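Enquirer: Here it is: the structure, laid out below.
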Amino acid sequence: MFQMNYGTLRDMTQSKSCLASWTTGNCNVNGVDIHYLRTGGHYPPLVALHGLLGSGACLAPLARALEDDFDVVLPDARGHGKSSAPAQGYLYGDLAGDVVELIRSLNLNAPILLGHSMGGMTAAVAARELGAGISGVVLVDPTFISPEWQREVFESDIAEEQRRSLVSSRADLLTHARVRHPSRSEEILECLVDARLQTSMFAFEVLTPPNPDYRELVQSIGVPILLVIGDKGVVSLDAARELQKLNPLLRYELIADAGHGLPYDQPERLGAVIMSFLRSISTFQVGSARID
1 MFQMNYGTLR DMTQSKSCLA SWTTGNCNVN GVDIHYLRTG GHYPPLVALH
51 GLLGSGACLA PLARALEDDF DVVLPDARGH GKSSAPAQGY LYGDLAGDVV
101 ELIRSLNLNA PILLGHSMGG MTAAVAAREL GAGISGVVLV DPTFISPEWQ
151 REVFESDIAE EQRRSLVSSR ADLLTHARVR HPSRSEEILE CLVDARLQTS
201 MFAFEVLTPP NPDYRELVQS IGVPILLVIG DKGVVSLDAA RELQKLNPLL
251 RYELIADAGH GLPYDQPERL GAVIMSFLRS ISTFQVGSAR ID
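When we follow UniProt numbering, the leftmost residue of the sequence shown carries the number 1, and every step to the right adds one.
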């Protein structure tokens, strides 16, 4: 069972990040209300998944680079953005299950899955479940990290930092963000601060080890895969080469002078790399409004 409600973006505080023609929706999947933005149009569908502490709106600059050729759906993961926040159910299998059901509920035909960071791992897990039901996968510096690194993140103060953020003012967080990331646009900084304030503490359950085995995940995917990394990101060039050997359907691209925040620091360059990959997928006629 699912329920969907639709609206426009006229009342959104982040309206400057989205075109007036974009719509909003809410879809109840797995007992959770998942909020999403959608660029619309009669184009092949692409579902873009954000990372921890993000929201669909944070990927709006990237979506703008894709919307002339794709119907981009930008869901807020459970516990993030305007989606509901149950007290539990935040492991990658849960997040991927929401994505799978959202795709089915919206009747998206063979979509592309795109994910950044936490969203990248989620996309990989969902891709394994969907099999031939998708046309391709784009993984933007996903959380493909070692068990030791997983434990280090889990035991870090990242959750405590979020607790402090939730009792801070938006103005203070925005000032800190400007200092920490001076090259990011004001639009992106505001979206990220708003998303942080909307992120539930329950969402940090996703950091509980162990993560799914990313090597097994990549091997299990039977559609074209693009892995995009930065030279200062999470996934190393050596790891990308290893994954390409494990699955010849995977290609990788490295964006220089970029770290883990590729969609925020280099949205135009990232969009160009992604579009080049998508144009190479023969099942799509990019911009033609149909899927073969």
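Ideal Cβ positions, reconstructed from N, Cα and C, are used throughout, including at glycine.
Quick caveat, the model's predicted, so the values are computed rather than measured.
Are the beta-carbon atoms belonging to ALA57 and THR39 less than 8 angstroms from one another?
Expert: If you number the sequence shown from 1, residue 57 lands on position 57. If you number the sequence shown from 1, residue 39 lands on position 39. No, these two residues do not count as a Cβ contact at 8 angstroms.
Enquirer: Let me confirm a value: PRO147 is counted as buried when at least 16 other C-beta atoms fall within 10 Å, else exposed. Which label applies?
Expert: Counting from one through the sequence shown, the residue named residue 147 turns up at place 147. By the 10 Å Cβ count, PRO147 comes out exposed.
Enquirer: Distance, Cα to Cα, ARG180 vs LEU189?
Expert: Residue 180 sits at position 180 when you count from the first residue of the sequence shown. Residue 189 sits at position 189 when you count from the first residue of the sequence shown. Each residue's alpha carbon lies about 10 angstroms from the other.
Enquirer: Would you kindly work out how many angstroms separate the C-alpha atoms of MET275 and LEU174, rounded to a whole number?
Expert: Position 275 of the sequence shown holds residue 275. Position 174 of the sequence shown holds residue 174. So the two alpha carbons sit approximately 31 angstroms from each other.
Enquirer: Just to confirm, are LEU49 and PRO75 a CB contact at a threshold of 8 angstroms?
Expert: Along the sequence shown, read from residue 1 onward, the residue named residue 49 stands at position 49. Along the sequence shown, read from residue 1 onward, the residue named residue 75 stands at position 75. Yes, the pair counts as a contact, with Cβ atoms nearer than the cut-off.
Enquirer: I need the DSSP call for THR122, collapsed to helix, strand or coil.
Expert: Counted from its first residue, the sequence shown places residue 122 at position 122. Correct three-state label for THR122: helix.
Enquirer: Quick one: measure Cβ to Cβ for VAL138 and PHE277, integer angstroms, because I've assumed they're closer than 8 angstroms.
Expert: One-based indexing of the sequence shown puts residue 138 at position 138. One-based indexing of the sequence shown puts residue 277 at position 277. About 7 angstroms; that satisfies the 8 angstroms criterion.
Enquirer: Do you know whose CA, among TYR43, GLN266, ARG151, lies nearest LYS232's CA?
Expert: Here residue 232 refers to the residue found at position 232 when the sequence shown is read from its first residue. If we check each option's Cα against that of LYS232, GLN266 comes out closest.
Enquirer: CB LEU227 to CB LEU250, shorter than 8 angstroms?
Expert: Mapped onto the sequence shown, residue 227 falls at position 227. Mapped onto the sequence shown, residue 250 falls at position 250. For LEU227 and LEU250, yes; Cβs fall inside 8 angstroms.
Enquirer: For HIS42, is the classification buried or exposed, using 16 other Cβ atoms within 10 angstroms of its Cβ as the cut-off for buried?
Expert: Translated into positions along the sequence shown, residue 42 becomes position 42. By the neighbour-count rule (16 or more Cβ atoms within 10 Å), HIS42 is not buried but exposed.
Enquirer: Indicate whether PRO111 and PRO45 have their beta-carbon atoms separated by less than 8 angstroms.
Expert: Within the sequence shown, numbered from 1, the residue matching residue 111 stands at position 111. Within the sequence shown, numbered from 1, the residue matching residue 45 stands at position 45. Yes, they are a contact pair.
Enquirer: Quick test of your reading: residue 304 and ILE221, contact by CB under 8 angstroms. State the CB separation rounded to the nearest angstrom.
Expert: An answer regarding residue 304 cannot be provided, because it is not within the stretch 1 to 292 covered by the chain.
Enquirer: Would you give the residue range spanned by the beta strand (DSSP E) that ALA258 belongs to?
Expert: Looking up residue 258 in the sequence shown gives position 258. Looking at the DSSP string, the run of the beta strand (DSSP E) that includes ALA258 is 250-259.
Enquirer: My output table needs one value for ARG196: the three-state DSSP class, helix, strand or coil.
Expert: Position 196 of the sequence shown, counting from 1, holds the residue named residue 196. ARG196 falls in the helix class under three-state DSSP.
Enquirer: What three-state label does DSSP hand VAL167 in the structure shown?
Expert: Locating residue 167 in the sequence shown gives position 167, counting from the first residue. It is coil, neither helix nor strand.
Enquirer: What three-state label does DSSP hand THR175 in the structure shown?
Expert: As a position in the sequence shown, residue 175 is number 175, starting the count at 1. Of the three classes helix, strand and coil, the one that applies to THR175 here is helix, per DSSP.
Enquirer: Specify, as a first and last residue, the run of the beta strand (DSSP E) that PRO45 falls within.
Expert: Your numbering for residue 45 matches position 45 in the sequence shown. Counting along the chain, the beta strand (DSSP E) containing PRO45 begins and ends at 45-49.
Enquirer: Rounded to the nearest angstrom, what separates HIS94 and LEU217 at their Cα positions?
Expert: Here residue 94 corresponds to residue number 94 of the sequence shown, with the count starting at 1. Here residue 217 corresponds to residue number 217 of the sequence shown, with the count starting at 1. The residue asked about is misnamed: residue 94 is Asp in this sequence, not His. Taking the straight line joining both Cα atoms gives about 16 angstroms.
Enquirer: Are TYR90 and GLY79 close, meaning C-beta to C-beta below 8 angstroms?
Expert: By 1-based counting over the sequence shown, the position of residue 90 is 90. By 1-based counting over the sequence shown, the position of residue 79 is 79. In contact: TYR90 and GLY79 (Cβ atoms closer than 8 angstroms).
Enquirer: Is it buried or exposed for VAL73, if we count other Cβ within 10 angstroms and need 16 for buried?
Expert: Along the sequence shown, one-based indexing puts residue 73 at 73. It is buried - the Cβ of VAL73 has at least 16 other Cβ atoms within 10 Å.
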